[in-house]
Amino acid sequence: MLYATDRHKFLHPKFKLNGSSHTKATLKAQAYGFIKEGEPYEESVGEFLLEWLDKKKYVTVQTSGSTGDPKPIKIDKLHMINSARATAKHFDVYEKTTALLCLPAHYIAGKMMLVRAMVLGWRIDMAQPKSNPLDNIYRRYDFCAMTPFQLDNSLSRLHLLSKLIVGGGAISPALKSRVQGLATKIYETYGMTETVTHIAARRVNSKKNKDSLIPFKVLDKVTIEADERSCLVIKAPYVSSDPVVTNDIVKIITYKKFIWLGRIDNVINSGGVKLHPEQVEGKLATYVDVPYFITGMPDDRLGEQLVLFVEQEEQYDFHISEEDMKVFKPYEFPRRIISVPQFQRTSTGKIQRGQTLTKYLDTI
């Protein structure tokens, strides 16, 4: 059995953490050091390392809520190893890859950066998981993972990274436009805790394809289909024993490629027309120069009306020509613009639409 006789698969002999090689014993000692004397982000790394090296077959991880209410789940360590190897094959990041960990280790994305390093034999360094993690970094790395918020705050130093995967939320059209022409290969990933991070990715700054609807391509040994709601169903037995049913509305291109259209729980029914906020946001990206999102609000005539929320102290407005208006389908253009001083956000910087709307409604 893997867990009884193949313990070396959990710790590659070429693995290095912050420049130091480790055996199981020395890595445990380092983990205890992080817990006793480290910063809070180092403490969470130490706790995960001890969990990874214990005799249990699983680790406990908090879900993000992508497929239901957030809850703790158990993930098989073998599935985490399989995910790490799939990442290595897809992005060509094998033994001796230099990597930077700048995501918190109490979430699956941070945990998997450590697992990849330990399983594949990477040389990984740790940085404080803050909004601009490259701020005090002065060497180059082959591979890194960030949130869209971190990417947006790291553009001036992105030359330090060869390949970057971005997850935890969609990359906005405005941010995609800002990364065009950069030498760093930037990939938007699709996945969730239940699939042990990403099961698909797409390059967002390729010179060959600048289309905003670039399909996601699934990793090796993953197949996909859409259910009766047009939501994505993921079959990836190497990371999940059962199919994962999502709330993401997709257009299936092939059994290996799909286009993400938006969340079914964000769908707005305006006058009987179902609108995907994420698609409207993409069309508005050229015209709105402040943080924004689209949501629906009750309307006596339409049922719901499309509303544009912007993060701005003063009342916001923008101009769009009659010709450009042709891009928008019926009911797609916002009927109201609401300015609020500050959006509600998650700890990783993701805008919380529902909480922001609720807070606004409480003030009127």
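Per my numbering, the sequence shown starts with residue 884, numbered consecutively.
Built from N, CA and C at the ideal position, the CB exists for glycine as well.
For residue i, count neighbouring C-beta atoms within 10 Å of its own C-beta (all shown protein chains included) and say buried if the count is 16 or more, exposed if not.
i, result
"H1159", "buried"
"V1210", "exposed"
"K960", "buried"
"L1096", "exposed"
"E1196", "exposed"
"S1055", "buried"
"V1163", "buried"
"G1237", "exposed"
"Q1225", "exposed"
"T943", "exposed"
"A912", "exposed"
"Q1198", "exposed"
"P1031", "buried"
"T909", "exposed"
"E1208", "One detail in the question is off: residue 1208 reads as Met in this sequence, not Glu. The residue in question, M1208, is exposed, as its Cβ has fewer than 16 Cβ neighbours within 10 Å."
"G1050", "buried"
"K1059", "buried"
Can you name, in chain order, every residue of its own chain whose Cβ lies under 6 Å from the Cβ of residue i, other than the five neighbours on each side?
i, result
"R1023", "L1043"
"T1106", "K1118 and Y1138"
"Y1008", "Checking the displayed sequence, the identity of residue 1008 turns out to be Asp instead of Tyr. Excluding positions up to five away in sequence, the list reads N901 and L983."
"A914", "G929, L932 and L933"
"K899", "R1006"
"M996", "L984 and A1028"
"N1149", "P1160"
"I1048", "A1028, Y1070 and T1072"
At the level of alpha carbons, what is the spacing between residue i and residue j?
i, j, result
"R999", "L1144", "30 Å"
"I1082", "K1100", "9 Å"
"G1074", "R1085", "12 Å"
"Y1070", "D1025", "14 Å"
"L1017", "Q1011", "9 Å"
"I964", "S904", "20 Å"
"T981", "T1129", "33 Å"
"T1246", "L1240", "10 Å"
"S1244", "D1035", "Correcting the residue identity first, residue 1244 is Leu in this sequence and not Ser. Roughly 29 Å separates the two Cα atoms."
"K907", "L1191", "53 Å"
"N1152", "K1166", "18 Å"
"T1072", "G1154", "34 Å"
"K979", "V1193", "44 Å"
"E1108", "I1135", "7 Å"
"Y977", "N1088", "23 Å"
"I1214", "L1189", "Residue 1214 is actually Tyr in this sequence, not Ile. Computed Cα separation, rounded: 7 Å."
"G1052", "A992", "12 Å"
"K994", "S966", "12 Å"
"T1067", "S1045", "5 Å"
"P896", "Y924", "25 Å"
"Y1121", "T1080", "13 Å"
"K1157", "V1116", "21 Å"
"M1180", "D1103", "41 Å"
"A1168", "F1201", "12 Å"
"S1230", "D1110", "32 Å"
"I1142", "L1003", "30 Å"
"D1248", "D1172", "Because residue 1248 is not part of the residues shown, which for the chain are 884 to 1247, the question remains open."
"K972", "M1001", "16 Å"
"D975", "L894", "19 Å"
"R968", "K1091", "27 Å"
"K1212", "E1205", "13 Å"
Give every residue of the same chain whose Cβ lies closer than 7 Å to the Cβ of residue i, excluding the five residues on either side of it in the sequence, and list them in chain order.
i, result
"I1203", "Y1170"
"I1147", "R1112, C1114, N1130 and I1132"
"H989", "S927"
"M884", "In this predicted model, M884 has a pLDDT of only 31, less than 50, meaning its place in the structure is not dependable enough to derive any value."
"A887", "Unreliable placement is indicated for A887, whose pLDDT of 34 sits below 50; no coordinate value is reported for it."
"H891", "Residue confidence for H891 is low, a pLDDT of 49 falling below 50, so the modelled location carries little weight and cannot support an answer."
"T1178", "P1160, V1190, F1192, R1236 and L1240"
Whose C-beta lies closer than 8 Å to the C-beta of residue i among residues of the same chain, with five residues either side of it excluded?
i, result
"Y941", "K957, I958, D959 and K960"
"K1140", "P1098, F1099, K1100 and V1101"
"K1242", "V1223 and Q1227"
"I1020", "L983, A1010, R1040 and L1043"
"S1014", "F1032, Q1033, N1036 and G1232"
"P1174", "V1193, E1194, F1226 and I1234"
"G916", "G929"
"H962", "V1079, Y1121, V1122 and S1123"
Is there a Cβ of chain D sitting closer than 8 Å to that of residue i, yes or no?
i, result
"K972", "This model lacks chain D altogether, as it is built from one protein chain only."
* Would you call the stretch 1181 to 1191 and the stretch 1210 to 1226 touching, i.e. three or more CB-CB distances under 8 Å? -> As far as the Cβ criterion goes, the stretch 1181 to 1191 touches the stretch 1210 to 1226, which means the pair count is three or higher.
* Inter-stretch contact at 8 Å, needing at least 3 Cβ pairs: the stretch 1027 to 1046 / the stretch 903 to 921 -> The stretch 1027 to 1046, when compared against the stretch 903 to 921, does not touch it at the 8 Å Cβ threshold.
* To do: Could you say if the stretch 926 to 936 and the stretch 1054 to 1066 meet the contact criterion of at least three C-beta pairs nearer than 8 Å?
  => No: fewer than three Cβ pairs fall under 8 Å.
* Runs of alpha helix (DSSP H) lying entirely within the stretch 990 to 1067, each at least 4 residues, in chain order -> 991 to 1003, 1031 to 1035 and 1056 to 1062, all fully within the stretch 990 to 1067.
* **Contiguous alpha helix (DSSP H) assignments of at least 4 residues, all confined to the stretch 1081 to 1107** => Correct list: empty.
* Ordered list of beta strand (DSSP E) runs contained in the stretch 898 to 946, each at least 3 residues -> Runs of the beta strand (DSSP E) lying entirely within the stretch 898 to 946, each at least 3 residues long, are 941 to 945 in chain order.
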